[in-house]
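J.: Note that the sequence shown ends on residue 752 in this note's numbering; no numbers are left out. Ideal Cβ positions, reconstructed from N, Cα and C, are used throughout, including at glycine. Below is the structure I would like to discuss, written out as structure tokens.
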Amino acid sequence: MDIKLIEEANKDKVKDYGVHVTTHYNINQEIGKINIDLWHGFPIKNIGVLNKIENNVIGENYNNLSSKINFSASYSNLYTFLMSSCSKISADKFKITGAPRNDLLINKNSKYVLENLIKKDLGNNTIIFYVPTFRRRSFNKRVIEEGYSLEEVDREIKELNKFFEEKNIVLIVKKHAFTADTWRIANNDNVCFITNEMLNKYGIDFYEILGASDMLITDFSSIYFDYLLLDRPIIFFARDYDEYINDRGILLEPYEFWTPGPKTHNSEELKKEIEIFLKCKEYYLKEREQIKNIVHKFKDFNSSERVWKEIYEYIKSVE
Numbered sequence: 434m435d436i437k438l439i440e441e442a443n444k445d446k447v448k449d450y451g452v453h454v455t456t457h458y459n460i461n462q463e464i465g466k467i468n469i470d471l472w473h474g475f476p477i478k479n480i481g482v483l484n485k486i487e488n489n490v491i492g493e494n495y496n497n498l499s500s501k502i503n504f505s506a507s508y509s510n511l512y513t514f515l516m517s518s519c520s521k522i523s524a525d526k527f528k529i530t531g532a533p534r535n536d537l538l539i540n541k542n543s544k545y546v547l548e549n550l551i552k553k554d555l556g557n558n559t560i561i562f563y564v565p566t567f568r569r570r571s572f573n574k575r576v577i578e579e580g581y582s583l584e585e586v587d588r589e590i591k592e593l594n595k596f597f598e599e600k601n602i603v604l605i606v607k608k609h610a611f612t613a614d615t616w617r618i619a620n621n622d623n624v625c626f627i628t629n630e631m632l633n634k635y636g637i638d639f640y641e642i643l644g645a646s647d648m649l650i651t652d653f654s655s656i657y658f659d660y661l662l663l664d665r666p667i668i669f670f671a672r673d674y675d676e677y678i679n680d681r682g683i684l685l686e687p688y689e690f691w692t693p694g695p696k697t698h699n700s701e702e703l704k705k706e707i708e709i710f711l712k713c714k715e716y717y718l719k720e721r722e723q724i725k726n727i728v729h730k731f732k733d734f735n736s737s738e739r740v741w742k743e744i745y746e747y748i749k750s751v752e
């Protein structure tokens, strides 16, 4: 079987293949093509037709999606229910396999790859990844939400820099593609920024380096559901919780239950929780385990094989 990784923009090349595997429901519309979607995370915030901000703009895009998708990968029964509700894809189109990209979380070379990417020897430093989600009020204009300005985040990271130095911490900030150019502070000994552009340049998937981290800081990004598989600390840093939830809405409530880690709103609270995790690895362990068992049916980092088996069996069934 001939398998190729092709950029979506290369329409002519895409047409040459009969089976298309995508991650954003960017399916091929041609009759006779097999469309399989893996999506790119377990949702906590409203997406698709349930997204209060974008519903009027993109809702129509989902109307006929179910008839065009042959099957979609799923984490669990809960995931199937949520994604079916958000995408209008029939629940019977979902196959519980786990997400293939999660297999990369246990990449044995993750620290080496990260060091080469940021051009820094991390030594015995504690590595913390900060992965904020993207915020916008307007889908058409792609306006960044000013209520949670990156200037404020920049300032707080600067304030934390001395703390990172004292505690031998290196903070790796993953910039979102839509906001990468708006961050103002530069790399230093204890804070490094990475972008999709950097990852693409060296052919690296973000999950290939995420496994090098000792701790994750995020807000509403679905990445933390995947990170649960590593059994490592997670801190939630969302100073604009009320505003974001009112604008976007979330699928899973209460937020306090579904986010198994301390909730912080400023740099002082963040420092306090980081210090607790540095001293006590059991902090929030039971809560993380509880959510992990609800979200993930499979925890063996073997989802790629299961997805491939489903693809192969589906192709054989329609030949």
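Flag this pair as yes or no: are the beta carbons of lysine 553 and valine 603 separated by less than 9 Å?
T.: Here residue 553 is taken as the residue at index 120 of the sequence shown, counted from 1. Here residue 603 is taken as the residue at index 170 of the sequence shown, counted from 1. Result yes, Cβ atoms of lysine 553 and valine 603 sit closer than 9 Å.
J.: Against chain C, with Cβ distances strictly below 9 Å, would isoleucine 683 count as a contact?
T.: The structure shown has no chain C; it contains just one protein chain.
J.: Could you work out which residue in Ile480, Leu662, Glu440 and Tyr635 is closest to leucine 538 when comparing CA atoms only?
T.: What you label residue 538 is simply residue 105 of the sequence shown in a count that begins at 1. Closest by alpha carbon: Leu662.
J.: Could you name each continuous beta strand (DSSP E) segment of 3 residues or more that falls completely within the region 640–725, going from the start of the chain to the end?
T.: 648–651 and 667–670
J.: Alpha carbon to alpha carbon, how far is isoleucine 522 from tyrosine 688? Give it in angstroms, no decimals.
T.: Along the sequence shown, read from residue 1 onward, the residue named residue 688 stands at position 255. Along the sequence shown, read from residue 1 onward, the residue named residue 522 stands at position 89. Between tyrosine 688 and isoleucine 522, the C-alpha separation is close to 25 Å.
J.: Using the C-alpha atoms, what's the distance from lysine 742 back to asparagine 443?
T.: Taking the sequence shown and counting its residues from 1, one reaches residue 443 at position 10. Taking the sequence shown and counting its residues from 1, one reaches residue 742 at position 309. Whole-angstrom Cα-Cα distance: 27 Å.
J.: What does the alpha-carbon distance come out to for the pair lysine 591 and aspartate 659?
T.: In the sequence shown, residue 591 corresponds to position 158, counting from 1. In the sequence shown, residue 659 corresponds to position 226, counting from 1. The alpha-carbon atoms of lysine 591 and aspartate 659 are separated by roughly 28 Å.
J.: Within a Cβ cutoff of 7 Å, which residues of the same chain sit near asparagine 623, ignoring the five residues on either side of it in sequence?
T.: Position 190 of the sequence shown, counted from the start, is the residue given in the question as residue 623. Answer for asparagine 623: Asn594, Phe597, Glu598, Ile602, Val603 and Leu604, listed in chain order.
J.: Since leucine 604 is in the alpha helix (DSSP H), which residue starts that stretch and which ends it?
T.: Within the sequence shown, numbered from 1, the residue matching residue 604 stands at position 171. Unbroken run through leucine 604 is the beta strand (DSSP E), 602–607; no alpha helix (DSSP H).
J.: Give me the residue from Phe504, Asn510, Leu547 and Glu641 with the minimum Cα distance to asparagine 726.
T.: Here the question's residue 726 lines up with position 293 in the sequence shown. Nearest of Phe504, Asn510, Leu547 and Glu641 to asparagine 726, Cα basis: Asn510.
J.: Please list the terminal residues of the continuous beta strand (DSSP E) segment that includes serine 736.
T.: Taking the first residue of the sequence shown as position 1, residue 736 is located at position 303. That residue, serine 736, is in no beta strand (DSSP E); its alpha helix (DSSP H) goes 736–751.
J.: Spatial neighbours of histidine 453 within its chain, please: CB distance less than 8 Å, with the 5 preceding and 5 following residues excluded, ordered by chain position.
T.: As a position in the sequence shown, residue 453 is number 20, starting the count at 1. Taken in chain order, the residues that qualify are Val447, Ile460, Asn461, Lys466, Ile467, Asn468 and Ile469.
J.: Is the beta carbon of isoleucine 668 closer than 9 Å to that of leucine 685?
T.: Position 252 of the sequence shown, counted from the start, is the residue given in the question as residue 685. Position 235 of the sequence shown, counted from the start, is the residue given in the question as residue 668. Taking 9 Å as the Cβ cut-off, leucine 685 and isoleucine 668 do not qualify as a contacting pair.
J.: Specify whether the region 518–534 and the region 498–508 touch according to this definition: at least 3 beta carbon pairs, one from each stretch, less than 8 Å apart.
T.: yes
J.: For lysine 704, I'd like the list of residues in its chain whose CB is within less than 6 Å of its CB, leaving aside the five on either flank, ordered along the chain.
T.: Here residue 704 refers to the residue found at position 271 when the sequence shown is read from its first residue. Taken in chain order, the residues that qualify are Phe596.
J.: Considering only DSSP beta bridges, list what alanine 506 is partnered with.
T.: Position 73 of the sequence shown, counted from the first residue, corresponds to residue 506. For alanine 506, which the question treats as bridged, DSSP gives the partners Lys528.
J.: Counting C-beta neighbours from all protein chains within 10 Å, is the total for asparagine 549 16 or more, i.e. buried, or is it exposed?
T.: Here residue 549 refers to the residue found at position 116 of the sequence shown. Asparagine 549 should be labelled exposed.
J.: To the nearest angstrom, how far is it from the Cα of isoleucine 644 to the Cα of asparagine 540?
T.: Taking the sequence shown and counting its residues from 1, the one referred to as residue 644 is at position 211. Taking the sequence shown and counting its residues from 1, the one referred to as residue 540 is at position 107. Just to set this straight, residue 644 is glycine in the shown sequence, not isoleucine. For glycine 644 and asparagine 540, the distance between alpha carbons rounds to 7 Å.
J.: Considering asparagine 620, what are the terminal residues of the alpha helix (DSSP H) in which it resides?
T.: Position 187 of the sequence shown, counted from the start, is the residue given in the question as residue 620. It is not in any alpha helix (DSSP H) - asparagine 620 carries neither H nor E in the DSSP assignment.
J.: So, with DSSP's three-state summary, where would you put asparagine 468?
T.: The residue you call residue 468 lines up with position 35 of the sequence shown. Three-state DSSP puts asparagine 468 in a strand.
J.: Between the alpha carbons of tyrosine 635 and serine 654, how many angstroms are there, rounded?
T.: Mapped onto the sequence shown, residue 635 falls at position 202. Mapped onto the sequence shown, residue 654 falls at position 221. Their backbone Cα atoms lie some 24 Å apart in a straight line.
J.: Helix, strand or coil for lysine 446, going by three-state DSSP, please let me know.
T.: Indexing the sequence shown from 1 puts residue 446 at position 13. Correct three-state label for lysine 446: helix.
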